[in-house]
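In terms of the numbering used here, the sequence shown is numbered consecutively and its last residue is 359. By construction, the Cβ of each residue, glycine as well, lies at the ideal position given by its N, Cα and C atoms. Heads up, the thing below is written out as structure tokens.
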Amino acid sequence: MKKQLTSMELEGFSKLLSTEANTIQKYKSYAASCQDPALCELCEDMAAKHKRHYDLILNEINKG
296 MKKQLTSMEL
306 EGFSKLLSTE
316 ANTIQKYKSY
326 AASCQDPALC
336 ELCEDMAAKH
346 KRHYDLILNE
356 INKG
């Protein structure tokens, strides 16, 4: 049975998604502009981590 999310819950999820999307873009930008390969890899890893967070949040919305 699918649980109906309240407008407050949806607003919270929306803010989380926005924050994660912005963070993903920042880390991708940092990765594209850095010269140090280790730092570039770290930024790419962080972008991927936040993409997983984004996907998990979206999954929770779809469940609800």
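Nearest to Ala327 by alpha carbon, out of Glu339, Asn317, Thr318? Glu339
Extent of the continuous alpha helix (DSSP H) to which Gln330 belongs: No alpha helix (DSSP H) contains Gln330, which DSSP labels as neither H nor E.
Report all residues from its chain with a CB closer than 7 Å to the CB of Ile352; omit the five preceding and five following residues, and keep chain order. Phe308, Leu311, Leu312, Glu315
Report the option in Tyr322, His345, Lys344, Arg347 whose CA atom is closest to the CA atom of Cys335. Tyr322
Do Ile319 and Ala342 come within 8 Å of each other at the CB atom, strictly closer than that value? yes
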